[in-house]
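Following: one structure in structure tokens, then a few remarks.
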Amino acid sequence: MKKPVNNKAWFLVLPVFLLVAFNALIPLMTVVNYSVQETFGDNVFTWAGVQWFQDVLRSDNFWNALQRQLLFTFIVLAIEIPLGLGIALTMPKQGFWVSVCLVLMSLPLLIPWNVVGAMWNIMALPDIGLLGKAINGLGINYNYTRQPVSAWFTLVLMDVWHWTSLVALLCYAGLVSIPDAYYQAAKVDGARRWAVFRYIQLPKLRHVLTIAVLLRFMDSFMIYTEPQVMTGGGPGSATTFLSIDLVKKGIGQFDLGPAAAMSIIYFLIILALSWLFYTLMMRHQET
Amino acid sequence: MRLSRYVPLVYILLLLLPIYWLLNMSFKTTNEILGGFTLYPHSFTLDNYRKIFTDPTWYMGYVNSLYYVAANTLLSLVVALPAAYAFSRYRFLGDKHLFFWLLSNRMAPPAVFVLPFFQLYSAVGLFDTPWAVALAHTLFNIPLAVWILEGFMSGVPRELDETAYVDGYSFPGFFVKIFIPTIAAGIGVAAFFCFMFSWVELLLAKNLTSVAAKPIAAVMTKTASTSGYELGLLAAAGSLTLIPGAIVIYFVRNYIAKGFALGRV
């Protein structure tokens, strides 16, 4: 049944429209404004054209941060999506334990991000942290404030700990919505476990997996608080991701022009990549 | 097949390990923490918690945080409900564009918006009030709330609306008395998500407040950097931030799965 056309529905979306216009449009225009102007303080602005954009695109700082960001996002997606899917597939479908599983698995999602950082900080301290002590005990030299590799390992592990549950819960929601009849039909046909997964579960999960990939992509691409609390972007600039770099520029050094130009480029990258993921994953949806 | 039954169990144990370590630290004295590696608190103490509950800068942090989280959840839901209804029931001029524009705000990095928000809210006199943070967080919570609610509402057959109108209900009467109770689960899930993303966010919350409305997260980061790393105190403060989340999860436990799929399963 098609939805009727009714332009009076605009009255219903008006509150959202006004609020978001105030809250998103004005700030966004402020950023655009700064990105094309030069200021010497005292609210005197002069036109700077595309100067700042050129500066950002020519700076090694930006490209390095972008590379680190892409690598980080790629690693956490490559771990969290399969792992989350695997956990969802092995979870019980009904009974008392389902609630227990769901509640305990959601726990990391509701911890403030700075607490997540602080928690892993305490966990990974080489001398008094459980993780740090254990790794050093194995004879591996591990110190996340000094070695880039250790810092990366800790950040990835933290992100996997923090967000795999989201993927698992999404996939679980998709799995329980598959009617039993599908499985019975598969049983009658003598389908193997892999065939059940490939031809029944995976197609039904396409939608939730798209949501999972999109959410995880967007959020890991904007990551700020956890690495900021854990490593402060260090050692050196080994874990300086885009948001950390941007906040340093914008609030730390108050370089309004370059920060604004970088903001716009940053936002556009996220929009473009999200759109790309969405189209790629939904391409076969029409059938 | 047998072995795979233990996968969730192992996973959950690994999830709980850092949480245990945090709790463990929060019950230790500073001496014990700095003294060396201990698997459980040998000299059990509640001093860290006592300090938090007696020092106003600490406990007001929790009050401030809960204030703006509640304000944000309420605000997001109140404006998202009618909008989601419009999107789920009607086609109108520019509906698709508006929907995607809303969603695109979920993709905006908070780091991009910190500075403009600071200036905007300073200009209208909202800076350093819980409402500044509540408003800022609607940036990503309204799109999410509209999206979730639209999913749940589309699951309700339109015959319900039509029958109600035939029975003589006006639109507001129908919406409040019949429709909202029908999608109560969806509202609960949307509220859960608004709570979640507002409660965990730090960057905006910290930079849009200074003294009067300082959230607990900002109090914690300040302690971490100034007072010579009081790990026990920090751990206690962190442990206390787990409680509101745990309570909220308990209430929505039966809807979590559907909610995480944003009402679209």
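Protein chains in written order, with this note's numbering: chain A, 1 to 287; chain B, 288 to 552.
Every residue, glycine too, gets a C-beta built ideally from N, C-alpha and C.
Fair warning: this is a prediction, and the values are worked out from it, not measured in the lab.
* Taking the C-alpha atoms as reference points, what is the distance between valine 236 of chain B and glutamate 446 of chain B? -> Residue coverage of chain B in this structure runs from 288 to 552, which leaves residue 236 of chain B outside it and unanswerable.
* **Sequence-distant residues of its chain with Cβ nearer than 6 Å to alanine 212 of chain A (five each side left out)** => Apart from the 5 residues on each side of it in sequence, alanine 212 of chain A sits with its Cβ closer than 6 Å to the Cβ of Val167, Leu170 in its chain, given in chain order.
* For the segment 332 to 359 of chain B, list the alpha helix (DSSP H) runs that are entirely contained and at least 4 residues long, ordered along the chain. => Runs of the alpha helix (DSSP H) lying entirely within the segment 332 to 359 of chain B and spanning at least 4 residues, in chain order: 334 to 341.
* Closer than 8 Å at the beta carbon, the chain B residues around tryptophan 10 of chain A -> For tryptophan 10 of chain A, the chain B residues whose Cβ falls inside 8 Å of its Cβ are Ala373, Phe379, Leu380, in order along the chain.
* Tell me, please, whether the segment 391 to 401 of chain B touches the segment 261 to 280 of chain A by the rule of three or more beta-carbon pairs shorter than 8 Å. => Yes, since at least three Cβ pairs between the segment 391 to 401 of chain B and the segment 261 to 280 of chain A fall closer than 8 Å, the two stretches touch.
* Please go through the same chain and pick out, in chain order, the residues whose beta-carbon is closer than 6 Å to the beta-carbon of tyrosine 349 of chain B, but skip the five residues on each side of it. => Setting aside the 5 residues that flank it on each side, tyrosine 349 of chain B is surrounded in the same chain by Ile503, each with a C-beta closer than 6 Å to its C-beta; the list follows chain order.
* Asked: If you measure beta-carbon to beta-carbon, which residues of the segment 341 to 372 of chain B are closer than 7 Å to chain A?
  -> If the cut-off is 7 Å between Cβ atoms, the segment 341 to 372 of chain B has Val366, Ala367, Pro369, Ala370, Tyr372 near chain A.
* To do: Kindly indicate which three-state DSSP category valine 5 of chain A falls into: helix, strand or coil?
  => In this structure, DSSP gives valine 5 of chain A an extended state, which the three-state scheme calls strand.
* Check whether the segment 111 to 122 of chain A touches the segment 304 to 315 of chain B, counting contact only when three or more Cβ pairs, one atom from each stretch, lie closer than 8 Å. => With the rule of 3 Cβ pairs closer than 8 Å, the segment 111 to 122 of chain A counts as touching the segment 304 to 315 of chain B.
* Can you check DSSP and say which residues form a bridge with tryptophan 47 of chain A? => Tryptophan 47 of chain A is bridged to A:Gln37.
* Asked: Just checking, does the segment 428 to 439 of chain B make contact with the segment 11 to 30 of chain A on the three C-beta pairs under 8 Å criterion?
  -> The segment 428 to 439 of chain B vs the segment 11 to 30 of chain A: in contact.
* Members of the segment 445 to 468 of chain B near chain A, C-beta cut-off 9 Å -> Within the segment 445 to 468 of chain B, the residues whose Cβ lies closer than 9 Å to some Cβ of chain A are Arg445, listed in chain order.
* **valine 31 of chain A versus leucine 489 of chain B: straight-line alpha-carbon distance, rounded** => Looking at the backbone, the Cα of valine 31 of chain A and that of leucine 489 of chain B are separated by about 21 Å.
* To do: Determine the direct distance from the alpha carbon of methionine 312 of chain B to that of lysine 464 of chain B, and round the result to whole angstroms.
  => CA-CA distance, lysine 464 of chain B to methionine 312 of chain B, rounds to 50 Å.
* Alpha carbon to alpha carbon, how far is glutamine 406 of chain B from isoleucine 81 of chain A? Give it in angstroms, no decimals. => When rounded, the distance between both Cα atoms is 39 Å.
* **Through-space distance from methionine 222 of chain A to histidine 424 of chain B, alpha-carbon basis** => The alpha-carbon of histidine 424 of chain B is positioned some 15 Å away from that of methionine 222 of chain A.
* Leaving out the 5 sequence neighbours to the left and right, which residues in its chain are closer than 7 Å to threonine 279 of chain A when beta-carbon positions are compared? -> None.
* Asked: Taking only beta-carbon atoms, is tryptophan 113 of chain A less than 8 Å away from chain B?
  -> Interface residue, yes.
* To do: Ignore the nearest five residues each way along the sequence and tell me which others in leucine 246 of chain A's own chain have a CB closer than 7 Å to its CB.
  => So the qualifying residues of the chain are Ala259, Met262, Ser263, Tyr266.
* To do: Mind listing the chain B neighbours of phenylalanine 267 of chain A? Cutoff is C-beta to C-beta under 8 Å, in chain order.
  => The answer, in chain order, is Met394, Ala395, Pro396, Val399.
* How many Å lie between glutamine 67 of chain A and isoleucine 111 of chain A at the Cα? -> Their Cα atoms are separated by approximately 28 Å.
* Asked: If you run the structure through DSSP and keep just helix, strand and coil, what is arginine 378 of chain B?
  -> The answer is strand: DSSP assigns arginine 378 of chain B an E or B state.
* Asked: threonine 210 of chain A and proline 227 of chain A: beta carbons closer than 8 Å?
  -> For the pair threonine 210 of chain A and proline 227 of chain A, the CB atoms are not nearer than the 8 Å cut-off.
* Output the distance between the C-alpha atoms of phenylalanine 461 of chain B and glycine 455 of chain B, rounded to the nearest integer angstrom. => Rounded to the nearest whole angstrom, the C-alpha separation of phenylalanine 461 of chain B and glycine 455 of chain B is 9 Å.
* Residue range of the unbroken alpha helix (DSSP H) whose run includes asparagine 494 of chain B -> If you look at asparagine 494 of chain B, you'll find it in the alpha helix (DSSP H) that goes 490 to 494.
* Please state whether DSSP places leucine 273 of chain A in a helix, a strand or coil. => Residue state, collapsed to three classes: helix.
* Does the segment 361 to 376 of chain B come close enough to the segment 466 to 481 of chain B to have 3 or more Cβ pairs within less than 8 Å? -> Flag = yes, the segment 361 to 376 of chain B and the segment 466 to 481 of chain B touch.
* Quick one: does methionine 222 of chain A have its CB under 8 Å from some CB of chain B? -> Interface flag for methionine 222 of chain A against chain B is set, since a Cβ pair is found closer than 8 Å.
* **Classification of methionine 282 of chain A by the beta-carbon crowding that lies within 10 angstroms, buried from 16 upward** => Label assigned to methionine 282 of chain A: exposed.
* To do: Would you mind working out which of B:Val411, B:Ala523, B:Phe404, B:Ala371 sits nearest glycine 473 of chain B, comparing C-alpha positions?
  => Selected option, being the one with the closest Cα: B:Ala371.
* Starting from alanine 499 of chain B, trace the alpha helix (DSSP H) both ways and give me its first and last residue. => Where alanine 499 of chain B is concerned, there is no enclosing alpha helix (DSSP H), given that its DSSP letter is neither H nor E.
* Quick one: give me the first and last residue of the alpha helix (DSSP H) that methionine 91 of chain A is part of. => From DSSP, methionine 91 of chain A is part of no alpha helix (DSSP H); its letter is neither H nor E.
* Residue from A:Thr39, A:Gly86, A:Arg146 whose Cα sits closest to the Cα of arginine 292 of chain B -> Ranking the options by Cα distance to arginine 292 of chain B, first place goes to A:Gly86.
* With a floor of 4 residues, list each alpha helix (DSSP H) that falls wholly inside the segment 231 to 277 of chain A, ordered by position along the chain. => List check, alpha helix (DSSP H) in window: 242 to 247.
* Quick one: is serine 150 of chain A near chain B, going by C-beta distance under 8 Å? -> No, its Cβ sits nowhere closer than 8 Å to a Cβ of chain B.
* Asked: Just to confirm, are serine 106 of chain A and serine 35 of chain A a CB contact at a threshold of 8 Å?
  -> Cβ distance not < 8 Å, so serine 106 of chain A and serine 35 of chain A don't count as in contact.
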